[in-house]
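Some notes on the structure that comes next.
There are 2 protein chains.
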Amino acid sequence: MNAVVWTDVAPRDGLQNVAATVPTEAKVRLVRGLLAAGAPRVEATAFVSPKWVPQLADAATVLDELGADALPRLRVLIPNSRGLELALQRGVRNVLVTIGVTESFNRRNVNRSVAESLADLAHIVSAAGDSHCTVDVALSVAFGCPFEGRVAPERVVEMCARVAACGADEIGIADTIGVATPAAVTEMCERVSAVTPLLSLHVHDTRGLGVANVVAAYHAGVRRFDGSVGGVGGCPFAPRSTGNVCSEDALLALTSLGATVDADLSALCDVAAALERDLGQTLPGKLYRAGVWTGAPIAAETAEQRVG
Amino acid sequence: MNAVVWTDVAPRDGLQNVAATVPTEAKVRLVRGLLAAGAPRVEATAFVSPKWVPQLADAATVLDELGADALPRLRVLIPNSRGLELALQRGVRNVLVTIGVTESFNRRNVNRSVAESLADLAHIVSAAGDSHCTVDVALSVAFGCPFEGRVAPERVVEMCARVAACGADEIGIADTIGVATPAAVTEMCERVSAVTPLLSLHVHDTRGLGVANVVAAYHAGVRRFDGSVGGVGGCPFAPRSTGNVCSEDALLALTSLGATVDADLSALCDVAAALERDLGQTLPGKLYRAGVWTGAPIAAETAEQRVG
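These protein sequence lines map, in sequence, to chains A and B.
Just so you know, my numbering puts the end of the first sequence at 308, numbered straight through with nothing missing.
Just so you know, my numbering puts the end of the second sequence at 1308, numbered straight through with nothing missing.
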């Protein structure tokens, strides 16, 4: 009832948005670290045009390095049928297709209409199924679109019904530009849950409400989430871009509420610390810097004096 | 019913913990900005030993510069009766006394036992009352103590009853070392509310749960909170120290839930941006960097492309 399936998307959504060039070996180290820490699922990379997302041009190499043993817990983002082919060639068992809820965003993102994306989705689900590969869908800009503004929950609910009808295995409601609030998340999750049990939540911490939004969704019954270790993501040179909600910070909140998850928080913190070293920059996440508190006294020499 | 009284403690709790030396004029600008932005109350400074908190050695000057008109919305921290005298000399109408829930913390912080602090509190309340000054109390390390570890809620409840009996006007439950979780906050607020209506919540964002903890308290009926604009606080050279929960980020969450507050979020963001310039460093808060979202489309040139 309280088991949470957490997908760490740091290697894909996180790293595609950092300014630093990340060596393939660091990506492989990151994915392996997440798997070793018990992350139920890791979004390892994407088969997208290197012209658009140069950070993920080494997708095939990353998967080859990770090896077949890792595949059952990996997800890979694909923009279209061509991406599916490349993923299936590497033995991928779970792919993610993103569709914008608004025409404007979808066209800018994948250069086609929403109807065309949904038609392609049906083909992707069919082709993937033939190879025993499951297909998740992320509905981008579900809470708000940079081009069309606020998005009515009714539109998202309608899209969810259509995506479910295509045979998707999971439907992620994505707060791509980070405008969701706890109240909006509660309403959205209740409405979507009424039409499909496949709901997952994908939020960014753009306005500091990431963890609170995850908690609101949990209270509304959601048990599937995306986040990134260390909250990595967002370009340091683009102040308006920000990372996904931090996996270990959010999981600390959820486990306090009785949620169970396979991942080990201290091990996730170690992964974040290693990623900080690899990227050469402090990450947005907080828990990995402060450390998991066991409830025991903290060594006196590190316990600074503080008034209030 | 939903009106929130938010106290911005950035000038005191925030600035006492930053590494930079902050000119008095910047502090005055900060307090004036917060008042102009509609912050219901501002913790302007503290009359503490300059030896212990050199950042706030200019307390008297700050208050003199702010002038008498500002006083009705200011709170000033005092450690003891001597601090009260200094505050009353400046016409302060509302002071804050901190008492550690644990003997170890209280002794390190104010060099006396909890019983001695409570005895002094009774004197302070009496003397302050003679000058029409109200006395709030912050119970430090209420969720955990660096020297004694986890603190049982029963101890906090007992302290609240004793503090209330002394005649305090507000009792702040302070998560001094940032170890509270939404579940712990809910339990604490329910227990404390059962013995006193004076409850206020003071949390730090040490482990990324600050906003989620504020939301949990709001759901439990709490309507008084502390926070700091921009989430300022924490020494950049001490990785384990962190700022208060960010006022504008937390208020965005609360207002989404129907809370009403006098403060204007956009104006608070402007105050945070000005403070960032004065301190020469990016602050932990997120909303001031991303901007308040009106629900309207964002100008196309600033809307970066993002997959997922």
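Cβ atoms here follow ideal geometry from the backbone N, Cα and C, with glycine treated the same way.
Exposure label - residue i; buried when at least 16 CB within 10 Å
i: M188/A; result: buried
i: V1229/B; result: buried
i: R1073/B; result: buried
i: Q1055/B; result: buried
i: Q89/A; result: exposed
i: G178/A; result: buried
i: R223/A; result: buried
i: D130/A; result: exposed
i: P50/A; result: exposed
i: A1174/B; result: buried
i: H1132/B; result: exposed
i: S256/A; result: buried
i: T45/A; result: buried
i: G1233/B; result: buried
i: A10/A; result: buried
i: R12/A; result: buried
i: T1102/B; result: buried
i: E1043/B; result: buried
i: A115/A; result: exposed
Residues sharing a beta bridge with residue i, DSSP
i: F225/A; result: W6/A, L201/A
i: V42/A; result: D8/A, L74/A
i: A138/A; result: T98/A, G172/A
i: C269/A; result: Looking at the DSSP assignment, C269/A forms no beta bridge with any residue, so it has no partner.
i: G1149/B; result: C1145/B
i: T1260/B; result: A1003/B
i: N244/A; result: H204/A
Residue i at chain B interface by Cβ criterion, 8 Å
i: V42/A; result: no
i: V215/A; result: yes
i: A189/A; result: Correcting the residue identity first, residue 189/A is Cys in this sequence and not Ala. Not one chain B Cβ lies under 8 Å of C189/A.
i: C246/A; result: yes
i: L316/A; result: Given a span of 1 to 308 for chain A in the structure shown, any question on residue 316/A remains unanswerable.
i: Q305/A; result: Since pLDDT at Q305/A reaches only 46, below the 50 mark, its modelled position is unreliable, and no value is offered.
i: S49/A; result: no
Residues near residue i by beta carbon distance below 8 Å, same chain, minus five either side
i: A122/A; result: C166, G167
i: T24/A; result: D58, T61, V62, E65
i: A1164/B; result: I1171, V1195, T1196, L1198
i: P182/A; result: L209, A212, N213, V215, A216
i: R207/A; result: G178, V179
i: L1280/B; result: Here the sequence assigns Gly to residue 1280/B, which means Leu is not the residue at that position. Closer than 8 Å at the Cβ level, and outside the excluded window around G1280/B, lie A1020.
i: V1028/B; result: V1062, E1065, L1066
Below-8 Å beta-carbon distance, residue i vs any chain A residue
i: R1207/B; result: yes
i: A1212/B; result: yes
i: T1242/B; result: yes
i: A1253/B; result: yes
i: D1249/B; result: yes
i: L1257/B; result: yes
i: A1273/B; result: no
Residue i Cβ short of 7 Å to the ligand PLP heavy atom set
i: D120/A; result: No copy of the ligand PLP appears in this structure; indeed no ligand is present at all.
Cutoff 6 Å; reference residue i; Cβ partners in own chain excluding five residues on either side
i: P40/A; result: V5, W6, D262
i: C1160/B; result: I1171, V1192, V1195, T1196
i: Q1260/B; result: Looking at the sequence provided, one finds Thr at residue 1260/B rather than Gln. Excluding residues within five positions, the ones whose Cβ falls inside 6 Å are N1002, A1003.
i: G227/A; result: N244, V245, S247, A250
i: F1047/B; result: A1059, I1078, G1083, L1086, A1087
i: L15/A; result: V22, Q55
i: T176/A; result: S140, V141
i: T1134/B; result: N1094, D1169
i: G1100/B; result: N1106, N1109, S1140, V1141
i: E190/A; result: A220
i: P284/A; result: G231, G243
i: E1148/B; result: T1102, S1104
7 Å Cβ shell around residue i - same chain, five flanking residues per side excluded
i: A162/A; result: In the sequence as displayed, the identity of residue 162/A is Arg instead of Ala. Closer than 7 Å at Cβ, skipping near neighbours: L118.
i: V125/A; result: V135, C166, G167, A168
i: G1144/B; result: R1150, V1151, I1177, V1179
i: L1252/B; result: L1265, L1287
i: G91/A; result: A68, L71
(Q) Can you pull out the residues from the stretch 221-234 of chain A whose beta carbon lies closer than 7 Å to at least one beta carbon of chain B? (A) Residues passing the 7 Å Cβ filter: none.
Q: Would you list, in chain order, the members of the stretch 1135-1161 of chain B that have their beta-carbon closer than 8 Å to a beta-carbon of chain A?
A: A1138, S1140, G1144, C1145, P1146, F1147, E1148, G1149, R1150
Q: Can you give me, in chain order, the residues of the stretch 164-185 of chain A that have a beta carbon less than 8 Å from any beta carbon in chain B?
A: A174, T176, I177, G178, V179, T181, P182, A183, A184
Q.
Closer than 7 Å between beta carbons: that is the criterion. Which residues of the stretch 277-299 of chain A meet it against chain B?
A. G285, K286, L287, R289, A290, W293, G295, A296, P297, I298
**Q.** Within 8 Å of chain A by C-beta, residues of the stretch 1074-1102 of chain B in sequence order
**A.** L1077, P1079, L1096, T1098
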